[in-house]
Each structure stands twice: as structure tokens, then as C-alpha cells.
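For reference, the structure is listed below as C-alpha cells.
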Amino acid sequence: MGCGRLVLSGIVNVRLKAGNIVIVLLTDFGLRDPYVGQIKARLAEYAPAQRVVDLLHEVPDFNPHAGAHLLAAFAPGFPPGSVFLTVVDPGVGTPRDAVVVLAGGRWFVGPDNGLLSIAAARNADSRFWRITWKPEALSTTFHGRDLFARIAAEIARGEFPADKLTPLDTLGVEFDAGDLPRVIYVDHFGNAWTGVRGVPQDARVSAAGQLFRHGESFGFVGKGEGFWFVNSVGLLELAVNRGNAAAAYGLKVGDPVQVQRLN
Amino acid sequence: MGCGRLVLSGIVNVRLKAGNIVIVLLTDFGLRDPYVGQIKARLAEYAPAQRVVDLLHEVPDFNPHAGAHLLAAFAPGFPPGSVFLTVVDPGVGTPRDAVVVLAGGRWFVGPDNGLLSIAAARNADSRFWRITWKPEALSTTFHGRDLFARIAAEIARGEFPADKLTPLDTLGVEFDAGDLPRVIYVDHFGNAWTGVRGVPQDARVSAAGQLFRHGESFGFVGKGEGFWFVNSVGLLELAVNRGNAAAAYGLKVGDPVQVQRLN
Amino acid sequence: MGCGRLVLSGIVNVRLKAGNIVIVLLTDFGLRDPYVGQIKARLAEYAPAQRVVDLLHEVPDFNPHAGAHLLAAFAPGFPPGSVFLTVVDPGVGTPRDAVVVLAGGRWFVGPDNGLLSIAAARNADSRFWRITWKPEALSTTFHGRDLFARIAAEIARGEFPADKLTPLDTLGVEFDAGDLPRVIYVDHFGNAWTGVRGVPQDARVSAAGQLFRHGESFGFVGKGEGFWFVNSVGLLELAVNRGNAAAAYGLKVGDPVQVQRLN
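Protein chains in written order, with the numbering used here: chain A, 14 to 276; chain B, 14 to 276; chain C, 14 to 276.
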């Protein structure tokens, strides 16, 4: 642990503000099932003073690619020192690695299946560790509870678990860190998020064979009218004012979107 | 801040018990989406010692009227000093105001679209402020995170943000504060809540062309039988013992209910 | 209170570690409704320093039998001193008793309808109390908020409420504490949990007229292939790799599973 902090001096002094550190959960476990609660109980045991925030438990099932774009879009909105515990892990139990990433002053704990790779690639100073520690009781299907929660708790407490990790030069699985011109999430209103950032207002945006107009926000568009906007995490989003865009246009995760920047 | 507390002396001494203050969330964001988590992360940053409780994130979509009746029914069950962060806000991004209400010793932060108006009208001592502060980064679609969370956090910490607010004489949008004889919420059991309070046991209650009998509670009614009762927040509710009233009678939010008091 | 702790000396010294005690919620209230939030607000009021974890709010509706098997499977994974607040209570409001159970060093608060009986029976040292206290305001339909939350909070604070309880020799309703060869839960992936423990890898498992092969974990099985495994709480679970077992095989809560141990 002392060693751990030496290694990290100058990067982020987690220790000093551990009381305020938030552990952020991003998974495909769903909220209705007893998985998230078991992780939280483990976090309460090993990081009793740190707060836990459910960011998203509905990453499209078995889809680390969509999850990676979502995670990379959310991360900058959280304070440095935040610890993301992330699980979208169809390969759990197989020999895929478990990793820790430090990127932009934020920590990420999860499987080495690409899920963390975009958040990592969008920061110049990213560092990587493989989790080499194995807990006494490691279930084959629930590394989120048995492995990641423990590591995330120690980091959040400001006690970097150097003895449980081995430095890596790079991640084993990396997705393209550029924009993804596809639907990556559909919310309960039926709004369709895409993986495209920084779209100017005069761009031409179409999806499902339909041209969408730009709207600043919902209240500026007629009731039932479709439009696109840059959402609160900077991504291009398709919506219908007081309606359901996914239903109206048959949009689902993976569907392509066309974005034509005029200049 | 000192000014803020002077203004409020004699109304509610939040400062003294800030450690126990709860921030209560009532929105139409749904629990499955990444909106509530972003709000909670902001609250953890600005009110790290205060607890946050998810009261309801399934206010009927785009329906501040139903939300206002629900909020007014829930509020008295929470301790004085509680801070309600409320978002049912189809006009987000347009020039509708954002407001703070102090009513019955409880705080409410949200849009000035009627959502807070019934809780306010049912207390004689209510006070109002417009939120005049704008954060550096204010998204057009997520004032819950960028604006309301910050104000709610400061109030919950006991630091009334007088410099971010301007006193108002009244709210801009007010709903009728009397009972609403309609379905305002359907829960996952299929129980239909209405906006009608204080119904005596011998009243005649009908809905969907059907007369309902009164039942003290579920266990007193035959399996599959429909009945009405006064629920745990004082509202008339229609239910089926071990069944789904909404499905059985085709009840949905907005449907009328007839209540005939015999004396 | 002093009395309460005397009675319990030698069983579990909750007082010493009350700061780390977790209150664990297991109910059929669903997460989308405003029931859990009201319970949490009450817990925040009466146990402000204790953490609250949502373990499961989707116990099959009105099904304390399934709930009892789930609770008994989860409990050993939580630290001694944990306080389970459990509500699956179709008889709420009728004269069924409310009880406290101490089993395996963990506390359970809930209705005496069998829900706690399997967790109790699987520990040799279990002790029982009837809740004899009535709060001033006891709704007929929401004992979880008005009664159980208050008792659970006091226990979690380390202040055993001896004056609100009467010792019992045994529970009024007890389910068979052996395995239950039926589906007791279907998660959002469509995985079907059963009430069968400790199944060896060479057992023959079938359900829905179908023989299932054993798989160590999802990643070891072909995409779309059905299999069974021992899940992270020790129960036999039926699944399809990257698919929905409940949909593929028409499995639902209550369906039988056949387990043939070869030796």
C-alpha cells in the first residue's frame, strides 16, 4: 500500500480526499435483480465511508462496445478521484483478464474486454494494471462482487492495492476510440443516444431513412416532432418531443446514424 | 450564506440538524436510465454528508399535474428540513423559471410548472424564490443535474444560497390544490392511486363503470376481488387482492373516479 | 435497551461495530414504486449512520415461499450483524404476526408468514421475537414503513428494542427448509434460479422436458446454448449463453426442475 502510493505520487492524491470519493457503478446487471445489491454490500464492508452511485445498470446486454462509448462519455462529468466499477462481461469465468485503468485522474475497474478502452484512449496519461490477486472465494460468474468490488473499494479508500496488481503497458482488448455513428442506448422515454460527439447545429443528421432537424431542447420543438440535439454528456441524441423516438422510427441499439458536417 | 440564514431564522433551523437531512428525489427520469445517477454524483460532490433517497422516478412522463398531487401527498410523511429535488419538466430549456419553495418546514427545488404548487398551497406559511443563478455549464436538457442538484445540495447542507435566489411572491404556474378525482399513478402491482383524500369508509366509489367495495387492507378481501382503500399516504386507491386492478378494469393514469360521500 | 443488550450478550455484539452495519432490503415492492423510498426515509431518520442496501425488490409478487428460499441463499454472503428488512406480505393488515429473527449472527425483521423461516431453520442457534409494539400511526397496508423500518433501524443502531418485542419459542409459519426443486426467480437476462443447493457437476438436470448440460460459466458454453451451473449464491441456475433461458424454454417461477445425483 505504501508502495502503491509511491508509484502514484504526482498522478492523483486520492488519499487526501478519500472521504468524498464516489464509487460509480456501470453494468448490464439491471436494477431489478439481486446483483447490484450484493456488490454494494461488499463495497459497504470494504469502503464503509465512501458513497456509491448507480450510474447505469442497463448497458445493452453483452455489449461492451456500447458500454465503452457510454462510459467514455460519462467519465469527464465526474470529479477526479472517482472510481468506476464497471461490469459488462459476457466472458466472465473464462481466462480474460481483469484490469484497473487510471485515466484523466479517474479510476476504472473491470474486465479487459474493451469496456474501459475508450475512456483510456481519450486521455493521454492513462495507466494500466492487471488484477493478479484472487480472493479465497471467487465465483465463476460474479467477478463484479468477488473481485472488482474489493479492488474498487481499496482504491476508493485511498489504499492503492499494489500487491494485488501488476502494471501493464496496454490493455489486451481495445476498441476504436473515435466516434461510433450508431445508436448505443435507448432510454425509457424512447430517446436514442448515439456515439457521435461534437456535432455542430448545422450538420445534416439522418437515421432510419429520415432526416432529423436540430432542436435546442424538447421545449423548442412541436409536440410529437422528431429532432436531434447534443445531449447532456455531449453525444448526438435523437428524440421526439413528448413522444417516443425509438418507437416512432423503429430505432434500436446498433442502428446506424448518418452525420454530415457542412464545413 | 450568513444572509440566507438570517432571512430564515424562525422558520426552520436547518443548520442544527444538517447531518440528518435527507434529500428526496421525485422525477419522471425512470430508474433504468443514467439520469438519476448523474444527479446523485453531483449531490455527493456538493452535499457529501447528506443522505439521498429515491422516492419516485416514475411520475407519469411529462405530467407535472399528477406529479404535483403525488408530491403533496408524500411530503407530510417526511421530517421537517427534508429537501425535495423534483423534476417533471417537459419545458426544460425554454424560459420557464426554476424555483425553490419552503412549505411546512420542507424544501422543494424544481421547475415552476405547477409541480410544486399543490404542496405549496396546502401550507399556510409557504415561501418562494426564483433560482437566478446560472452555473458555468448549464446543459439545455438536464437542469436537474446542473441547476437543481446544486441548489438542493446547498440547502441540505444548511447553507441557504440566498445569493443564487430572488424572493418571489407567488409561483408562476399553480394547479388547483383541491382533490383530483382521477388516477394519478399505477404501481407495479397494478394498484391505481387517485388524487382524492380523506374518503370515509361508507363512501360510494366507482371507476371504469364499476362500483368498488371498501376493504381495510388486502388480507381482508377475497383473492381476485376488487376494492378501494385509503392508502398509506392518505389517498383513495383501487386494488385487487393478489391481482392487478389496472389490468382487470383497464385503469390508466388520467381515468376518472367517482366518489360519493354519503353525509 | 440496556436490558436488550444483556439478553444478547454472547450472541452478537452489534454495538461494537454499529457504524459498519448494513441494513439489507428484500421485498416484492418493485423498484419503480414509491414504497422503497418511504422505507429508506424512515431508516434515514432512525438509523442515520447505517448504510442501506437494496438487495432485491422483485421477489415474485405475493410469494413468501420463493422469497424465503432466496433470503436463505443470500444471507450467508452478508457479514454478521447485517439487518435484513424483508417484506413479502400479502396478509398485511390482517392479524398475522410481525417478528424478529436472529440466525447465524444476522438479524431479520418481517412478517411471520414463512418468509424468514428457512433462513432461521438453517441455523442451529436461531432466536425469535414477536413485535408487540405498535407505532402511533400504523397504516393497514404499509407495515414495512411504519413498523419494520423502525425496528430494523433500532437493531442496526445497536439498540436492541427489547421493550418492543416479546420472545417466542418458534415462528408461527414455517416452510420446509430443504431444497425446493422449482424455479424461484427469473432474472432480467432470463436466467432461472432454482431452490436447489450443492449440485455436483455430474448430476443430470432437466427442466421443461429438456436435459441441460453443465457449464462452468457463460463463457465456456456456445452462444445460444442452454446449460446449468451453480450460481454465485450456491443455487442451481438454468441459463443460455448470451440468450434468454426463460423465453427459450418457457420457464417461469414455480416450474419444476429435476435433479438426479449420480452418486
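Don't be surprised by glycine CBs; every beta carbon is placed ideally from N, CA and C. Values in this document were obtained by computation on a predicted structure and should not be read as measured data.
Proximity winner among the options, relative to residue i (alpha-carbon distances)
i: Ala88(B); options: Asp192(B), Asn204(B), Ile131(B); result: Ile131(B)
i: Leu160(B); options: Arg274(B), Gln51(B), Asn33(B); result: Gln51(B)
i: Pro194(C); options: Phe155(C), Lys265(C), Thr40(C), Ser95(C); result: Lys265(C)
i: Asp110(A); options: Leu129(A), Val65(A), Gln214(A); result: Leu129(A)
i: Glu238(A); options: Gly247(A), Val196(A), Asn244(A), Tyr262(A); result: Tyr262(A)
i: Arg6(A); options: Val218(A), Leu224(A), Lys236(A); result: No information on residue 6(A) is available, as it lies outside the stretch 14 to 276 that chain A covers here.
i: Gln223(A); options: Lys236(A), Ala258(A), Ser95(A); result: Ala258(A)
i: Gly118(A); options: Asn254(A), Ala137(A), Ala62(A); result: Ala137(A)
i: Ala60(C); options: Arg135(C), Glu167(C), Asp189(C); result: Glu167(C)
i: Val66(A); options: Pro77(B), Val49(B), Asn76(B); result: Val49(B)
i: Ser139(C); options: Leu98(C), Arg163(C), Leu184(C); result: Leu184(C)
i: Pro108(C); options: His156(C), Phe240(C), Ala162(C), Asp192(C); result: His156(C)
i: Phe202(A); options: Asn33(B), Gly267(B), Asn76(B); result: Asn76(B)
i: Gly94(B); options: Phe173(B), Asp182(B), Arg135(B); result: Phe173(B)
i: Asp192(C); options: Asn33(C), Ala134(C), Val186(C), Ile144(C); result: Ala134(C)
i: Gln271(C); options: Trp241(C), Gly235(C), Ala220(C); result: Ala220(C)
i: Ala162(B); options: Val112(B), Asp182(B), Phe141(B), Gly211(B); result: Val112(B)
i: Val243(C); options: Thr154(A), Arg170(A), Ala165(A); result: Thr154(A)
i: Leu181(C); options: Trp142(C), Gly267(C), Trp146(C), His78(C); result: Trp142(C)
i: Val186(A); options: His78(A), Val246(A), Ser245(A), Thr145(A); result: His78(A)
i: Leu254(C); options: Phe97(C), Phe240(C), Leu83(C); result: This sequence places Asn at residue 254(C); Leu is not what is there. Minimum Cα distance to Asn254(C) is reached at Phe240(C).
i: Ile164(B); options: Leu98(B), Arg210(B), Gly211(B); result: Leu98(B)
Outcome for residue i when other beta-carbon atoms lying within 10 angstroms are tallied against a minimum of 16
i: Leu56(C); result: buried
i: Asn276(C); result: exposed
i: Pro269(B); result: exposed
i: Arg226(B); result: exposed
i: Thr179(C); result: exposed
i: Gly80(A); result: buried
i: Gln63(C); result: buried
i: Asp176(B); result: exposed
i: Asp46(A); result: buried
i: Asp215(A); result: exposed
i: Pro213(B); result: exposed
i: Lys53(B); result: buried
i: Asp189(C); result: exposed
i: Asp41(B); result: buried
i: Ala116(C); result: buried
i: Ala85(A); result: buried
i: Gly235(A); result: exposed
i: Ala260(B); result: exposed
i: Gly127(C); result: buried
i: Gly267(B); result: exposed
i: Gly211(B); result: exposed
Bridge partner(s) assigned by DSSP for residue i
i: Val113(C); result: Val122(C), Trp142(C)
i: Val212(B); result: Paired residues: none, contrary to the question.
i: Ala220(B); result: Gln223(B), Val270(B)
i: Gly239(A); result: Val253(A)
i: Phe97(C); result: Val37(C), Phe121(C)
i: Thr207(C); result: Val196(C)
i: Asp67(B); result: Leu38(B)
i: Pro61(C); result: DSSP, once it has assigned bridges, lists no residue as partnering Pro61(C).
i: Leu178(B); result: Ile144(B)
i: Phe248(B); result: The identity of residue 248(B) in the sequence shown is Leu, whereas the question assumes Phe. Answer by DSSP bridge pairing, in chain order: Arg210(B).
Residue i: CB within 7 Å of a non-hydrogen atom of the ligand FAD
i: Val199(B); result: The ligand FAD is absent from the structure shown, which contains no ligands of any kind.
Which of the residues in the segment 147-165 of chain B, read from start to end, lie with their CB under 8 Å from any CB of chain A? Ser152, Thr153, Thr154, Phe155, Arg158, Asp159
Give the residues from the segment 45-64 of chain A that approach chain B closer than 8 Å (Cβ to any Cβ), ordered along the chain. The segment 45-64 of chain A vs chain B, Cβ under 8 Å: Arg64.
With a cut-off of 8 Å, do at least 3 Cβ pairs link the segment 99-108 of chain A to the segment 230-248 of chain C? yes
Where the segment 82-115 of chain A meets chain C: residues whose CB sits under 8 Å from a CB there: Against chain C - using a Cβ distance shorter than 8 Å - the residues of the segment 82-115 of chain A are Pro103, Gly104, Val105, Gly106, Thr107, Arg109.
Under 8 Å: do the segment 69-79 of chain C and the segment 79-98 of chain B share three or more Cβ pairs, one atom per stretch? Too few Cβ pairs lie closer than 8 Å, so no.
Are the segment 187-202 of chain B and the segment 111-123 of chain B in contact at 8 Å, needing three or more beta carbon pairs? no
Using a Cβ cut-off of 8 Å, which residues of the segment 214-232 of chain B contact any Cβ in chain C, in chain order? Glu229, Ser230, Phe231, Gly232
Examine the Cβ distances between the segment 37-44 of chain C and the segment 138-150 of chain C and report whether three or more of them are shorter than 8 Å. With a cut-off of 8 Å, the segment 138-150 of chain C and the segment 37-44 of chain C do not count as touching, because too few Cβ pairs lie within range.
Quick test of the definition: if touching needs 3 or more C-beta pairs under 8 Å, does the segment 201-208 of chain C touch the segment 240-254 of chain C? yes
What residues from the segment 183-209 of chain B come within 7 Å of chain C, judged by C-beta to C-beta, listed N to C? Asp200, His201, Phe202
Looking at chain B, which residues of the segment 68-83 of chain C have a Cβ within less than 7 Å of any of its Cβ atoms? Asp74, Phe75
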